[in-house]
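Only one structure is covered here, and it is reproduced in the block below.
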C-alpha cells in the first residue's frame, strides 16, 4: 500500500479544450461575445465543430488542471471524472497520462459525448469560450473508489460539479470514504455564480466534511453574503479548518484557526492570460502541504505556480515545473 | 522531501529497561512490593545496580515502544527523547536503531544519567518495576525539530511527559509546528494518575491541538471525571476529532465524529504479561491510518498487535511484525 500512496486525487469536470484561431467576423456571425464563457448544447457544439475543423485539443477542466500541476511539480496525483467512449474522451485520458496523472474514469457515459470547451482565440489574443458539459456532469457515486480516496492524502473536489445532483452524491461518497480513512477533503468554490446557486447546501457541506477550502475573494464573499472579504474570512474560518483564499494581484491569505498567513502575489513580467491561475495556485498549495512545507511556503508555491501560468496562454504547461518547488523555499 | 516522509514521530520518556531475575527474598529485603511500579532516585538506582550486576538491557518507554511497533509493522518511524552521554544512553539509541527507528536525541543531558527501569522478575513471572526517570524528563523545546515534525504524518506524544514542565513546553512547540505544516498530533494519556494530576491543563491541550487521542477506560473516565465510559466518550468527542480508546478484554472503541467503530479484542492463547498492550495498540492503529486503512481496520490492527505483545514478557518483540498487517484485512 505504501508505494501506491498518492498526494492528491482530483474529482472534476473532465473537459477537453479545443483551441481554434478565428477572425472577429466569426464571433459576430455566431453572436458570440468576445471574452465571455457560454454554455452550449450538443447540437451547437457540433455546428461549431463542423465549421471550424480540427483545433488543438488538450485535456482541461479546473480540478484536472490542478492535479496536472501537482504532478508537474513532482507530486503523485490521480483524477476521477466522466467521459464518453469517443475520440475526445481518449484525448482527455492521453493528455492526463502524459502529464503523469493516473485517470480513473469508470464506465464510459453512453448518452452524451465527452465534454469540450471550444476556445476561440482572436488575433488580439482574447479567448471566447463555449463549453459543452456533455458526459462530464454525469459523474456518479459509483465512480468513487474507496481505495483511491484512502490512498490519497488529500481529495480535491471541483465546485462546478455541485450543479449536478449525481456528482453531488459522488462528492458525499468521497467525503464518507475520506472520513472512514481519516483523510482530508478539499473543495474549490470554482465560481461565484455556482456559489450563488447553491449557497446553503455548500455551506452545510463545507461545515460537515471539508478540511481545506479554496476560493477567491468574490466566491468567499458570495458564500457568506458578507459585506467584505474580512467578514467572509471570519465566517469561513468557523466552518472550515484551513482556508486558502486568492485575491488576484493582492496575493492570497491562508487561514488555519488563529494563524493567518498573508502571501504576496508573484511579480510577473507580463500577464498574458489569467485562465488557470486559481487552479495552479491550488496545485502549488496542495503540493506544499502534502510534502511537509509549512503553510506559508505552501501558499508561496501556490502563488509561484499561479504566477507562471498567467504569463502564457491556457491553463496547462507542457513541461515539468519542479524547479518552482525550490523557488518557494526563498522567503 | 518525498523520500524522507515519515509515518510517525514519537516523543516520550527515553528509558532503558534492565531486566533481572531475583528471589522473593530480595524484594522483601529491599521493601519492594511485588508487581508494583515505584519511582526511585539516582542513589537508589545505583544501589540496586551495584547489588544486582548486569541485566538484560533494552530500550523502553511507552512512546518508544509504540514507534518501534510502527517500524516492525513496516512503517517509517522516528523518535525524539532525552538521554545522557553514558552507556545506557547508547543502549537506548542502538536498540531503537536496530528496530529501524531513527533517533533524534539532541544534546546529551549532563546533570543526570539516562533513565532506566529496573525490572525485577521473580520465579512466579511477576514483574516489580523501579523507575529512575533521570535525563528523560529533561526533554526541552529545543529538542523539537521543525523539519522532523513537518516530515511526519502524525506526531505521537507520550502523556507521562506532561509531568515535566520543560517537556510540556516541548509538546506545545511540536503542536505549533504540526499546525504550521497541517500535520496531525496524537496524544496517549499514559496513566490515570498522570491524568488526575493535570486534568484541566490536559483537557485544554487536547481541545486546542490534539487530532487523535489514545487512552484506556480508566484514563478517559478520569480525564472527564465522568460517571462511566459512555459519558466520557461523549465529552471526549467534543474535544478531539478522533478517539482510539482501549478497554482491555472488551476490545476498543474508535470514534470519529458521529462514526463509532467497536473493535473486538483479539483472542489470545494465553496472557503472559499485559505490559505494552496500550503501546502496541497505538502502533497498529497509527500504522493503519498512515497507510490508508479505514478506521475499523486500523483499530483491528491495533488489537492484533496488542494481542501479540501480551503473549510474551515485555513490551518489545525482536522480530518484524509485518505479517500482522495482512491479518488485519480479515474482518
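Protein chains in written order, with the working numbering: chain A, 1 to 331; chain B, 1001 to 1331. For each residue, glycine too, the CB sits at the ideal point set by N, CA and C.
Where residue i falls: helix, strand or coil (DSSP)
{"i": "residue 321 (chain A)", "result": "coil"}
{"i": "residue 1184 (chain B)", "result": "strand"}
{"i": "residue 1326 (chain B)", "result": "helix"}
{"i": "residue 84 (chain A)", "result": "strand"}
{"i": "residue 1194 (chain B)", "result": "helix"}
{"i": "residue 312 (chain A)", "result": "coil"}
{"i": "residue 402 (chain A)", "result": "The structure shown does not extend to residue 402 (chain A), since chain A spans only 1 to 331, so no value can be given for it."}
{"i": "residue 1017 (chain B)", "result": "strand"}
{"i": "residue 1078 (chain B)", "result": "strand"}
{"i": "residue 22 (chain A)", "result": "coil"}
{"i": "residue 5 (chain A)", "result": "coil"}
{"i": "residue 1056 (chain B)", "result": "strand"}
{"i": "residue 1061 (chain B)", "result": "coil"}
{"i": "residue 1010 (chain B)", "result": "strand"}
{"i": "residue 92 (chain A)", "result": "helix"}
{"i": "residue 294 (chain A)", "result": "coil"}
{"i": "residue 31 (chain A)", "result": "coil"}
{"i": "residue 189 (chain A)", "result": "coil"}
Partner residues on chain A for residue i, Cβ-Cβ distance less than 7 Å
{"i": "residue 1242 (chain B)", "result": "182"}
{"i": "residue 1289 (chain B)", "result": "182"}
7 Å Cβ cutoff met for residue i and residue j
{"i": "residue 392 (chain A)", "j": "residue 131 (chain A)", "result": "Absent from the structure is residue 392 (chain A), since the part of chain A shown begins at 1 and ends at 331."}
{"i": "residue 1287 (chain B)", "j": "residue 1133 (chain B)", "result": "no"}
{"i": "residue 298 (chain A)", "j": "residue 310 (chain A)", "result": "no"}
{"i": "residue 1303 (chain B)", "j": "residue 1265 (chain B)", "result": "yes"}
{"i": "residue 90 (chain A)", "j": "residue 6 (chain A)", "result": "no"}
{"i": "residue 99 (chain A)", "j": "residue 71 (chain A)", "result": "yes"}
{"i": "residue 206 (chain A)", "j": "residue 239 (chain A)", "result": "yes"}
{"i": "residue 1178 (chain B)", "j": "residue 1139 (chain B)", "result": "no"}
{"i": "residue 1048 (chain B)", "j": "residue 1118 (chain B)", "result": "yes"}
{"i": "residue 305 (chain A)", "j": "residue 284 (chain A)", "result": "yes"}
{"i": "residue 55 (chain A)", "j": "residue 19 (chain A)", "result": "yes"}
{"i": "residue 1187 (chain B)", "j": "residue 1165 (chain B)", "result": "no"}
{"i": "residue 1276 (chain B)", "j": "residue 1065 (chain B)", "result": "yes"}
{"i": "residue 1211 (chain B)", "j": "residue 1241 (chain B)", "result": "yes"}
{"i": "residue 1021 (chain B)", "j": "residue 1121 (chain B)", "result": "yes"}
{"i": "residue 1252 (chain B)", "j": "residue 1263 (chain B)", "result": "yes"}
{"i": "residue 1145 (chain B)", "j": "residue 1109 (chain B)", "result": "no"}
{"i": "residue 67 (chain A)", "j": "residue 101 (chain A)", "result": "yes"}
{"i": "residue 197 (chain A)", "j": "residue 217 (chain A)", "result": "no"}
{"i": "residue 1151 (chain B)", "j": "residue 209 (chain A)", "result": "no"}
Nonlocal neighbours in the same chain, by C-beta distance under 6 Å from residue i, ignoring five residues either side
{"i": "residue 1126 (chain B)", "result": "1034 and 1035"}
{"i": "residue 1219 (chain B)", "result": "1189, 1192 and 1195"}
{"i": "residue 37 (chain A)", "result": "129"}
{"i": "residue 1232 (chain B)", "result": "1220, 1221, 1224 and 1226"}
{"i": "residue 254 (chain A)", "result": "244, 261, 295 and 299"}
{"i": "residue 308 (chain A)", "result": "none"}
{"i": "residue 1061 (chain B)", "result": "1012, 1013, 1014 and 1015"}
{"i": "residue 1103 (chain B)", "result": "1079, 1093 and 1096"}
{"i": "residue 1088 (chain B)", "result": "1016, 1114 and 1116"}
Chain A residues whose Cβ lies nearer than 8 Å to that of residue i
{"i": "residue 1259 (chain B)", "result": "179 and 180"}
{"i": "residue 1151 (chain B)", "result": "292"}
Under 9 Å by beta carbon: chain B residues contacting residue i
{"i": "residue 256 (chain A)", "result": "1179, 1180 and 1182"}
Contact set between residue i and chain B, taken where Cβ atoms lie within less than 8 Å
{"i": "residue 71 (chain A)", "result": "Per Cβ cutoff of 8 Å: no residues; residue 71 (chain A) is ~13 Å from chain B at best."}
{"i": "residue 295 (chain A)", "result": "1180, 1181 and 1182"}
Within chain A, partners of residue i - CB distance below 9 Å
{"i": "residue 1213 (chain B)", "result": "None at all; the shortest Cβ gap to chain A is about 13 Å."}
Residues of its chain near residue i, where Cβ-Cβ distance is below 7 Å and the 5 sequence neighbours each way are ignored
{"i": "residue 143 (chain A)", "result": "80, 82, 106 and 170"}
{"i": "residue 269 (chain A)", "result": "311"}
{"i": "residue 249 (chain A)", "result": "265"}
Contacting residues, own chain, Cβ-Cβ under 8 Å from residue i (five flanking each side not counted)
{"i": "residue 329 (chain A)", "result": "297"}
{"i": "residue 149 (chain A)", "result": "9, 155, 174, 177, 178, 181 and 183"}
{"i": "residue 112 (chain A)", "result": "42, 84, 134, 135 and 138"}
Min CB distance residue i to chain D below 7 Å
{"i": "residue 271 (chain A)", "result": "In summary, chain D is missing from the structure at hand, where the protein chains are A and B."}
Item checked: 3 or more residues per run - each beta strand (DSSP E) lying fully within the region 206-248 of chain A -> 212-216 and 242-246
Item checked: Segments of 4+ residues assigned as alpha helix (DSSP H) that fall wholly inside the region 98-171 of chain A -> 146-151
Checklist line | beta strand (DSSP E) runs contained entirely in the region 252-281 of chain A, provided each spans 3 or more residues | finding: 252-256 and 259-263
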